[in-house]
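Written below as C-alpha cells is the structure these notes are about.
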Amino acid sequence: MQLSQSIQAADIHFNESGTPISNQFDDIYYSREDGLTESYYVFQQGNQLQTRWLAFEQEQFVIAETGFGTGLNFLAVCQSFHEFRQQNPEHTLKRLHFISFEKFPLTQAALAESLSQWSTVKPWAVQLLANYPSLIQGVHRLQIDTAISLDLWFGDVLDSTPQINDRGIGVVDAWFLDGFAPSKNPDMWSDELFYQIARLTKQSGSFATFTAAGFVRRGLMQQGFNAYKLPGFGRKREMVAGVMQQKPNLALNRSQLLFPTPAAHTNRQPDEKQVAIIGGGISAISSAYALAQRGYQVSIYTQSHLADAASGNHQGAVYPLVQLQHNPLSELHIKAFEFSQRHYSHMQTTLDFGFATCGVLQLAFNADRQRRLQQLVDEQNWPETLVHAVSTEQANDIAGININSPAWYYPNGAWLNPVSYIKALAEQLVAKQQLVLHENTQVTTLQQENNHWQLTLNNGHTVDANIVILACGHAIQDFEQAQGVEVHPVRGQVTELASHSELAKLKSVICHKGYLTPAFSQKHCAGASFIKDNDSIAVSQQEDEANLAQQSQFLAQSGIEFTPEHIVNQRASIRTCTQDHIPVVGALFDQKTLAASHHDLWKGQKVTLPANTYDNLYCLTGLASRGLSTAPFLAEYLASMINQEVLPVAQNISDALNPNRFVVKKLIRREI
C-alpha cells in the first residue's frame, strides 16, 4: 500500500433528477426513489441502531462503512445520533465514531452538489464539507462536532482495512456494507473483505447490506456471522443483515506484539479518569484538550509557566513536512497538518488567539531545490489543495514582496502565536472545570503504586493520578521510566523584528533555510538557529546576526534591509528531536524487561510474546520544529489510545510513533 499519494477522484455525472451516477461503475450512488429513506431503512434499521443505542453500555459506538460515496449514510446517522443524544442526555453512550472507505472519492465541489438536495441533514453536510480533506490516500480524522468523529479512508478498502488495529477483540459495533453492487464492483466484495470485516467486528457486532447476493451472505457466515434476509427497500426484493455470533480466534500479529497498544477495558469510572500531564507547552495543552473532550479530569504540572519553553515563541509556521517519496514520515505530517489546521480554525470561533491562514512559500533557492520542485511538478504526487509549484512571479504576488525564486506553495499553511493559543485554551478548560493548572511545580519522580501513579513534587508533596503523560520535551529523560526513549535537544533562537513600511507588505510565511512571518502585533519573527545537542537558552547576538544574514541572503531582491536596529526581542528555546525525525507518542515501557523478554529478536524468529508497557504511563514528545503543525493531531491519537478507541493512523504509522521502537531496533541489530 502506497501512502500519502494523491488519488483519482470519482468520475461522475448527474442525471436529470440530480442523482449522481458513477461513470466508472455505471451505477447510482443512492436510490432514485429516496436515498435518505433508503439509508435509514437498510443501514440504521437493518442494524437496529435505536434499540442497540438505548441498551449500549459503552461511551462510544463505532460504525464502519464500505463505500463512503456522497456521505449520505454518514450524514443520516449523524442526524439520528444527534436526536438520540437530545432525547437521552444522561445516557452512557455519548459519542459516535464512523469509519468509511472510498477508493474514488468525490471532489469537494461534486460532494457539495450531491448533498445540496438533502435539507434534512444540511447542518451535518455543512460540517462535512468544511472538514473535507485533500484527496490523499490513507486515513483522515475529521471532527464533525464534540460528539461525532469520522475516519475517512481514501484508497482501496482491501488495502485500508488491514491497516486498522483491531486491539485483539475488534473495534466495530455495526457495519454498513454499501458501495456499488457486487455485479458492478466484484473486486471489493471478496473473501478478503469478509475476513477483514470479521477481524474488525466486536463480538455481537452487526452488519446490514442492500445486496442479497448469495456469495455475500455465505462469505460472511463463514467468518462467524449469522445472516438473514429482510425485505428490501423500494424495488429491491431482499436485503441481508446479521450479527457476529462466533468471532474468529485471531492471533496478534508481529506488529501488535512488538508495538502494542494498551489492553482493552470497560468504561473507566469517573474516579479512574484523573490524568496528570507533565509539561506546559503545545503538546501538554493539546493532550489536555483531547482528553477533556472524552470526560477526563486533567491536571497540568509545569515547572515554570505555560508556554514558557519551546512553545513560547511569538510566531511559528504551520505547514506539513512533504517529501517527494511516499513514506510514513510524509503520511504522518500531512494528515497531522490538515487535522491541526482545521482544529486551530475551529478553535478561533470560541477563543481569542493569534492565527492566520496566510499560506506558506518554501523557496527553491538553489539548484537542488529547483530540481526537487520540478520533480514535484512532473510527478504530481500531491493534490494542489495541499501543495503546488509556483513561478517566481506567482510567488512574488502571493508574498507581497519580491523574493526572486520559484517555490512550493502550501495554500492552507499558516502562522500561529502559540502563547496566546495555549493560554486561551487553558483558561477555557479551567473555566469548564476540566483542567487544574499547577504552574511553577516540578515533578521530580514517578512511582507506580497498585493501580495509580504517585508523583513527587519539588516541594516534597506527593499527588496521585490514574494516568500520567510526559509531554515535557527532552526533560522526559529525567524520568527513570523513559530511559529507553532516544531524544536529543536542538537549540533554536528566533529574532523578533519591528514591522515597518517595507516589511509590513509581507503577506505569507516564507521558508528558506530559515523563515520569516507576516506581522502580528507589529512584529515579525525571523528564525531560527539550529544547534544540535545544546540545551542553553541564553540569547546570542551572533545567532541574531545569523538570522538576519539568512534573510538578507535569500530575500536579497525584496528591497528590505534586515539590520540590527529593527530587532526588538530575541528568544532561545530547545526543540526536542529524534534521529528518525518521527515524534514519540504512546505507552512507555521498561527497557530492561523488554530487552530481556525479546533478546533474540535478531534471529528473525516468530514473535510470540507482547512487548511490555507500563500501565497508564504515556508520552508525547520529539515534535522537533513541527510541534505547532502536529501536536493537536498527535494528542488526538494519544487520547484515542488511552480511551481504547479506533486510532486515527494506519498501523505502520502507529508502529513508527511507538516509544519502544528505539530498543526494538537495537534488539534486531543485536546492539543490546
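Following the UniProt record's numbering, the numbering of the sequence shown begins with 1 at its first residue and continues without gaps.
All C-beta atoms in this analysis are idealised placements derived from N, C-alpha and C, irrespective of residue type, glycine included.
In the same chain as Leu386, and ignoring 5 residues on each side of it, the C-beta atoms closer than 6 angstroms to its own belong to Ser134, in chain order. Contact annotation, Ala471 with Ser283: C-beta distance approximately 4 angstroms; criterion of less than 8 angstroms satisfied.
Here Gln493 is bridged, per DSSP, to Ala572. Residues of the same chain with a CB within less than 6 angstroms of the CB of Thr593, apart from the 5 flanking positions on each side, are Asn612 in chain order. Between Leu111 and Leu129 the beta-carbon gap is near 7 angstroms, inside 8 angstroms, which marks them as a contact.
Counting of Cβ neighbours within 10 angstroms places Tyr228 among the exposed residues, the total staying below 16. When DSSP states are grouped into helix, strand and coil, Asp27 belongs to the strand group. For Ile136, the closest of Ser420, Asp145 and Leu152 by C-alpha to C-alpha distance is Leu152. Taking a cut-off of 8 angstroms for Cβ pairs, the segment 527-534 and the segment 491-498 touch, as three or more such pairs fall below it.
Rounded to whole angstroms, the separation of the alpha carbons of Leu115 and Leu435 is 39 angstroms. In the structure shown, the three-state DSSP call for Cys358 is coil.
Ser204: member of the beta strand (DSSP E) spanning Thr201 to Thr209, first to last residue. For Arg342, the enclosing alpha helix (DSSP H) starts and ends at Pro328 to Met347. In this chain, the alpha helix (DSSP H) harbouring His82 covers Leu72 to Gln87. Ranked by Cα distance from Trp453, the first of Tyr618, Asn327, Gly168 and Gly280 is Tyr618. When the five nearest sequence neighbours on each side are left out, the beta carbons in the same chain lying within less than 8 angstroms of the beta carbon of Asp352 are those of Ser420 and Ala424, in order along the chain.
Separation of the CB atoms of Thr630 and Pro489 is rounded to 18 angstroms, and the pair is thereby denied contact status at 8 angstroms.
Between Gly622 and Thr578 the beta-carbon gap is near 4 angstroms, inside 8 angstroms, which marks them as a contact. The C-alpha of Lys103 is placed about 8 angstroms away from the C-alpha of Gln8. Closest option to Lys606, judged by alpha-carbon separation, among Gln87, Gln293 and Ser255: Ser255. Within the same chain, Tyr40, Gln44, Leu49 and Gln50 come within 8 angstroms of Ser80 by CB-CB distance, once the 5 residues on both sides are set aside.
If the five residues before and after Phe339 are omitted, its C-beta is found closer than 6 angstroms to the C-beta atoms of Arg141 and Phe633, all from its own chain and listed in chain order. Buried is the label assigned to Asp590, since at least 16 other Cβ atoms lie within 10 Å of its Cβ. The Cβ atoms of Lys507 and Ala414 lie no closer than 8 angstroms to each other. Contact annotation: the segment 80-98 touches the segment 59-66, with at least three C-beta pairs closer than 8 angstroms. Contact annotation, Ser206 with Asn47: C-beta distance approximately 5 angstroms; criterion of less than 8 angstroms satisfied.
DSSP places Trp53 within a helical segment (H, G or I) once states are collapsed to three.
In the DSSP assignment, Lys523 forms a beta bridge with Ala498 and Phe520.
Only residues of its own chain outside the window of five on either side were considered, and among them Leu601 and Trp602 have a CB closer than 7 angstroms to the CB of Ile668, listed in chain order. Across the structure, Asn458 and Ala595 are spaced so that their CA atoms are roughly 32 angstroms apart.
Distances from the CA of Val157 to each of Ile197, Val121, Asp173 and Asp145 were compared; the closest alpha carbon is that of Ile197. Annotation for Phe68: no alpha helix (DSSP H) segment contains it, and DSSP assigns it neither H nor E. Where Ala424 is concerned, the enclosing alpha helix (DSSP H) starts and stops at Pro418 to Ala431.
Gly214 sits in a helix when the DSSP states are folded into three classes. If you check the CB distance, Pro406 and Ala426 do not come in under 8 angstroms. Annotation note: the segment 446-484 contains the following uninterrupted beta strand (DSSP E) runs of length 3 or greater, listed N- to C-terminal: 452-457, 462-465 and 467-470.
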